[in-house]
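The listed protein sequences correspond, in order, to chains A and B. Take the first sequence: its position 97, counting from 1, is numbered 97 in our numbering, and each next residue is one higher. Take the second sequence: its position 76, counting from 1, is numbered 76 in our numbering, and each next residue is one higher. Just so it is clear, CB atoms sit at the ideal spot from N, CA and C, and this is done for glycine as well. Input: a single structure, listed below in structure tokens.
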Amino acid sequence: MTPHDQSPNPTNPAPNDDQLRRVFRTYAAALSAEHTPPPATAILFRAERRRRRAAIQRAERPLLIMQTLGVLSAVFAAAWLLYRFAPHTFPTLNSTTLALSIACTTLVLAGCWTMLRASRPSA
Amino acid sequence: MPSSLEHAAAPAAVLSELAFQRLYDTNATSIHSYLLAVSARRDVADDLLQETFCRLLLHPKSTAHLDTLELRRYLFRIATNLLRDRHRSGDTTPFADPPEPTTHPSLDNTIDIRTMLQHLKPRDRELLWLAYVEGMDHTEISQATGLNRLSVRTLLFRARNKAKQFLTPARASL
């Protein structure tokens, strides 16, 4: 049978189990001799790098959650302010409420900005 | 790196470097040959071998209770799963860079095992390799591949028959 034949050869007897085992083991021995696995240090290095990346992701997760919450809060605060101060439904707003609204929005936006800055990877 | 990150990474370092080195020296060659034979690509075998041991290092708790043989089967299980993931992802260009050993120090050297492997399905290659090279029985193969034990028996029987059809000893033809 040539190496490129697609079909089995029906004329020659098939090998028995022992022959098959021997063939496989010979091939395995030759493969092992020919191809050496990469060094263990490469794997340790890869695992260590991945471990550190996972640790960083774990540490950043609360920051990411807070960041999302901050953005959502800012959007809701902006929507609420628009609703409150829209000309057609513009009710009279006393100075205390206005000051509180502005302070809240400023705080939320400042928080968002701080978290965005903190989550930026250092150069 | 901040100390909190070092602390977060600490539990993963249960397997000491020395223990890992020992484990790697014992199992790497056989798993690498297995990956080479099934994927038939050196680059893939190298990558999957690294990934196999990486996963072991990153999940040490799940292997803490395993003895040496169980750990070996567990490694073969990871390697098999990685091979299947690769196969499912569509990156299946087998024998693009065939691992061709240069020496066959026995009378069987004319039996073209590479042609046979080339024509078998990856699962057949896995089963035959585990049975004939690693000498695993049906239970061990089922643990190493995640297949049902009875299925292993049937699938191995079929794979063996297919392999025998493709392998023709030179002695028989002389």
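Minimum Cα-Cα distance from arginine 158(B) among the listed residues Met136(B), Asp124(B) and Arg149(B) corresponds to Asp124(B).
Between alanine 37(B) and chain A, the shortest Cβ-Cβ separation is below 8 Å. In the three-state reduction of the DSSP assignment, aspartate 47(B) falls in the helix class. Neighbourhood of isoleucine 113(B) in chain A, by CB distance below 9 Å: Val23, Phe24, Thr26 and Tyr27, in chain order.
In this structure, the beta-carbon distance from alanine 19(B) to arginine 73(B) does not fall below 8 Å. Of Tyr34(B), Ala37(B) and Leu117(B), the smallest CA-CA separation from leucine 167(B) is found for Leu117(B). Between isoleucine 65(A) and chain B, the shortest Cβ-Cβ separation is not below 8 Å. Interface annotation for the segment 30-61 of chain B against chain A: His32, Ser33, Leu36, Ala37, Arg42, Asp46, Leu49, Gln50, Phe53, Cys54, Leu57 and Leu58, criterion Cβ-Cβ distance under 7 Å. Arg160, Asn161, Lys162, Ala163, Lys164, Gln165, Phe166 and Leu167: these are the residues of the segment 142-167 of chain B whose beta carbon lies less than 9 Å from some beta carbon of chain A, given in chain order. Close to proline 38(A), with beta-carbon spacing below 7 Å, are these residues of chain B in chain order: Asp46, Leu49 and Gln50. Counting other Cβ atoms within 10 Å of its Cβ, phenylalanine 45(A) stays below 16 and is therefore classed as exposed. Taken through DSSP and simplified to helix, strand or coil, methionine 136(B) comes out as coil. If you ignore the 5 residues before and after lysine 162(B), its C-beta comes within less than 7 Å of the C-beta of Leu120 and Asp124, all in its own chain and listed in chain order.
The three-state secondary structure of aspartate 18(A), taken from DSSP, is helix. Take the alpha-carbon of asparagine 16(A) and the one of glutamine 165(B): they are about 11 Å apart. At a C-beta separation below 7 Å, glutamate 17(B) has these neighbours in chain A: Leu44.
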